[in-house]
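Let me begin by presenting the structure, written as structure tokens, before commenting on it.
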Amino acid sequence: MEDFLKQLPKLAKDKNKENKKFFKQLKNKPPKQLDVLMQELHEDEFKRTDCLSCANCCKTTGPLFTDKDVTRIAKFLKMKPQHFIATYLRIDEDNDYVLQSLPCTFLGQDNMCLIYDVRPKACAEFPHTDRRKFQQISHLTIKNVEICPAAYNIVEEMKKRLQ
Ligand code: SF4
Ligand code: SF4
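Residues 1 to 163 (the UniProt record's numbering) make up the sequence shown, in order.
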């Protein structure tokens, strides 16, 4: 995994043009069975990929925190929501709550998430490769393949299966 993570930025950069073209075509003409295919590719990939040997998403990009996330996590940490916000979050350029610093404060040394059961929805759903109408998040996916080995592999497999 370590070697793959080192190579990933270059691999993703080399595929960037091809991926943009592929997702443009996908958006214009999504195949009927895309939701089923994505479910299958996502499940297959995460049988092989061990997130605990990676945690690159937690180290390099943080989630956004919805109000519901804040309420749930603050309760879990026995903090007032406003205190939780002041301690860990900031507002970004899109007016969303994001982490003040990276790697994520809640990432343990063993790559375990210290708030796993109540983690933000965005963390639970990352890298979103099993969501319905996957063609609608192409812009995000093209970015995610730069940091997530699983997303990179899934997109490569998609191209093989659909082209
Ligand atoms: S979701 Fe992707 S980036 Fe995050 S830990 Fe798993 S493989 Fe790594
Ligand atoms: S909250 Fe947990 S899953 Fe989300 S970025 Fe932090 S350590 Fe990773």
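Glycine included, every Cβ here is placed at the ideal spot set by N, Cα and C.
By DSSP's assignment, Leu64 forms a beta bridge with Val98. For Arg131, no pairing in a beta bridge is given by DSSP. Residue nearest to Leu52 within the set Cys148, Ile154 and Lys17 is Cys148 (criterion: CA-CA distance).
Here the distance from the Cβ of Pro149 to the nearest heavy atom of ligand 2 is not below 7 Å.
Thr141 and Cys113 have their C-alpha atoms some 23 Å from each other. Shown here, Cys113 sits in a strand according to DSSP, grouped into three states.
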